[in-house]
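The block underneath contains the structure these notes are about, expressed in structure tokens.
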Amino acid sequence: MRLQGKAWKFGDNISTDHIAPGRLFHLRSNLPELAKHVLEDADPEFASKVQPGDFVVAGNNFGLGSSREHAPTIIKMAGVSAVLAKSFARIFFRNAINVGLPVLICDTDKISAGDELEVDLSSGKIYNKTQDIVLQAPPLPDVMIRLLADGGLAAHVAKHGDLKID
Amino acid sequence: MGLTLAEKILSQRVGREVRAGEIIVCEVDVALTQDGTGPLAVQQLRKIGMEKAARPESTILFIDHAAPSPRKELSNDHILLREFAQKTGCRLSDVGEGVCHQLVAEDYAAPGKVIIGADSHTCTAGALAAFATGMGSTDVAMGIALGKTWFRVPETFLIEVTGKMPPGVCAKDLILHLIGMLGADGATYKALEFAGETIAAMPMHERLTLANMAVEAGAKVGLIASDEVTREYLESQGRGAEYRPLSADPDADYERVIAVDVSQLEPMLAAPHTVDNVHPVKELAGTKVDQVFIGSCTNGRLEDLAVAASILKGKRVASGVRCIVVPASRRIFLEAIRLGYIETLVAAGAVVLAPGCGPCVGVHEGVLGDGEVSLNTSNRNFQGRLGNPKGFIYLGSPAAAAASALTGVITDPREVMDNAIAR
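Sequence lines, in order, name chains A and B.
Note that our numbering has the first sequence beginning at 6, numbered continuously upward.
Note that our numbering has the second sequence beginning at -16, numbered continuously upward.
Now the structure itself:
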């Protein structure tokens, strides 16, 4: 699967409080409304200007903090095609796969804000068209590839009636 | 090579020896959600037609984050959780019972149990040698319905702690010091195993503080071997029969061994806006505080309230400071009333709120104004955490919080503690 879009740059330690803050706790059962505020506390313009297909590109430890799955869900709902970061917090990474938001680990110093990117999910190749360089993300663990292929964890369980990861 | 505590618990639970790096499917003994994550879990189960629980007696829907509800949308979320509990037979822990992780420690956690929770601080129960970890709503929802989940068995960092804590220094200072050392992602995906003579001598309420904050270094679990302290704690909760000894093998294979001597440790604080921005309190002393929050799954236990009460007894909270106290559970609240701590705190000017998460997640009960500063005994100081991205949050011990409430500025607790009560 090939994804194309523009890079939105963020720094290190973007927390789930930046992505889906506690002051909007009451919108958690109204995800379309919550998605209008995605990443608002890290970049107030992001939610209104992001285009379908664009990428969130961040530094280390993206998604640290709370287990709130609403965070990767509203990034996906905002039209973001994938999150690229130097590293991810554990729960966010697992949640992203569960909700079908691709997450790739790569050297994001080689991507600047506004760069045009092309990502091939099956190979993990990230082509920075603007800078004409190719970055390589390590492959996802097999279990996560399987869950993504089924459309996320809930779809996987609905399909198999069980966890079928081996 | 022998097994780490994480490998041992998971090996026993799956019935064969498993090692770090393996992907396993494992039975789940306890599953929990809270009111910020439970509604999505319920919706996911409804969506795939699996509104059921494999173990309803140990599946708990906690209402603690926005409790009592400050908004109609959240009141409706609470209704959804109550209806799901009624329909499936799952346990409901309603408004006023307390913070999920404290209640899991009191009523459910025991050595060798596997616990998953849709809350990142589920790792708190690792203090009782339970493999307890936080996950998202869908993971926990599937765990509730199927009674199992998948894990990658984590590698372990052994945190070997020696020395006697100096007066005025406690487990909160130790875990902040460790997170400052490791960094907010220094232990991503790892198990932290706390061991050594200091941990062996440490009471359960402090062990729970250590395990609670393992996730703030990125860890999956924070584990402590079970021992006499564990047995006595379980007995005090009427669950002595659930005790069993569980520890790592002496020749376990650790990815890293980190030695910490606490004999020179000082009171510490995490400064805005990350938990690894850690400094000795004395370096930050004098910073004005507008609010102090004593409570949470990190430090809302009876002993924490006792320390705060001892510092504030017969005195007044500084003018212009809001001192918010939230006991972590109903049991703690009642005991604190009986022992006079609540009267002491209220007389000193504190605001005591119903057991629960209080202001911790920024939804109610202590939202900051623009530019305001709060010193919390909780576990996160991310930008926006107290409901306002223009607020500033410091994290510290109950002693540091009470001392700062007293003076109105960040204060090293040793400056206001009587020698007799310092330890």
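Glycine is no exception: its CB is placed at the ideal position from the N, C-alpha and C atoms.
Remember, it's a predicted structure, so these values are computed and weren't measured experimentally.
- In terms of beta-carbon proximity, A/SER53 stays away from the interface with chain B, with every pair separated by 7 Å or more.
- For A/ALA47, the CB contacts under 6 Å within the same chain, skipping 5 residues up- and downstream, are PHE15, ILE19, HIS23 in chain order.
- Within its own chain, the residues whose Cβ lies closer than 6 Å to the Cβ of B/GLU355, once the five positions on either side in sequence are excluded, are ASP273, GLY374, listed in chain order.
- Rounded to whole angstroms, the separation of the alpha carbons of B/PRO250 and B/VAL152 is 5 Å.
- One finds ASN18 in chain A with Cβ atoms closer than 7 Å to the Cβ of B/THR257, taken in chain order.
- Contact annotation: B/GLY117 and A/SER72 have beta-carbon atoms nearer than 7 Å.
- Of all residues in the segment 357 to 386 of chain B, only ARG363, PHE365, GLN366, GLY367, ARG368, LEU369, GLY370, ASN371, PRO372 place a beta-carbon less than 9 Å from a beta-carbon of chain A.
- Here the segment 206 to 224 of chain B makes contact with the segment 182 to 197 of chain B; the two share three or more CB pairs at distances below 8 Å.
- According to DSSP, residue pairing for A/VAL62 in a beta bridge involves A/LYS14, A/LEU89.
- By the criterion of a C-beta distance shorter than 8 Å, B/LEU267 is surrounded in its chain by LEU252, ALA254, TYR377, ILE393, once the five residues flanking it on both sides are discounted.
- Collapsing the DSSP output to three states places B/HIS262 in a strand.
- The bridge partners DSSP lists for B/VAL97 are B/PHE114.
- In the displayed model, B/ASP90 falls within a helix according to three-state DSSP.
- Cβ proximity to chain B below 8 Å picks out HIS31, LEU32, ARG33, SER34, ASN35 from the segment 31 to 43 of chain A.
- Listed in chain order, the positions of the segment 60 to 72 of chain A with a beta carbon within less than 8 Å of a beta carbon of chain B are ASN65, ASN66, LEU69, GLY70, SER71, SER72.
- Contact between B/LYS203 and B/PRO137 holds: CB atoms are separated by about 5 Å, below the 8 Å threshold.
- Residue state for A/LYS81 is assigned as helix, using DSSP reduced to three classes.
- A direct Cα-to-Cα measurement between B/VAL8 and B/THR132 gives close to 6 Å.
- A Cβ of chain A is located within less than 7 Å of the beta carbon of B/SER103.
- In the displayed model, B/SER76 falls within a strand according to three-state DSSP.
- Under the three-state reduction of DSSP output, B/SER103 falls in the helix class.
- Residue pairing for A/GLU123: DSSP places it in a beta bridge opposite A/GLN9, A/TYR132.
- In this structure, A/GLY64 sits away from A/ASP112, with a CB-CB distance that is not shorter than 7 Å.
- Nearest Cα to B/LEU161 within the set B/ASN260, B/GLY100, B/VAL123: B/ASN260.
- Rounded to the nearest angstrom, the gap between the Cα atoms of B/LYS30 and A/ARG151 is 20 Å.
- Unbroken beta strand (DSSP E) runs of no fewer than 3 residues, entirely contained in the segment -10 to 73 of chain B, are found at 6 to 10, 13 to 16, 42 to 45, following chain order.
- Around the beta-carbon of B/ASN282, 16 or more other beta-carbon atoms lie within 10 Å, marking it buried.
- Apart from the 5 residues on each side of it in sequence, B/ALA24 sits with its Cβ closer than 8 Å to the Cβ of THR16, ALA101, SER120, THR121, VAL123, ALA124, ILE127 in its chain, given in chain order.
- Annotation: B/ALA289 to A/ALA163 spans about 50 Å, alpha carbon to alpha carbon.
- Chain-ordered listing is empty here: chain B has no CB closer than 7 Å to the CB of A/LEU89, the nearest sitting near 16 Å.
- A distance below 6 Å between beta-carbons, with the five flanking residues on each side excluded, links B/PHE67 to the following residues of its chain, in chain order: VAL25.
- Membership of B/LEU336 in any beta strand (DSSP E) is not indicated, and neither H nor E is assigned to it by DSSP.
- Under the DSSP assignment, A/SER53 falls in the alpha helix (DSSP H) whose first and last residues are 51 to 54.
- Taking the Cα positions, A/ASP155 is about 5 Å away from A/HIS161.
- By the C-beta criterion, the segment 87 to 107 of chain A is judged to be in contact with the segment 51 to 63 of chain A, since at least 3 inter-stretch pairs fall below 8 Å.
- Take B/GLU89, set aside five residues on each side of it, and the residues of its chain with a beta-carbon closer than 6 Å to its own are GLN220, in chain order.
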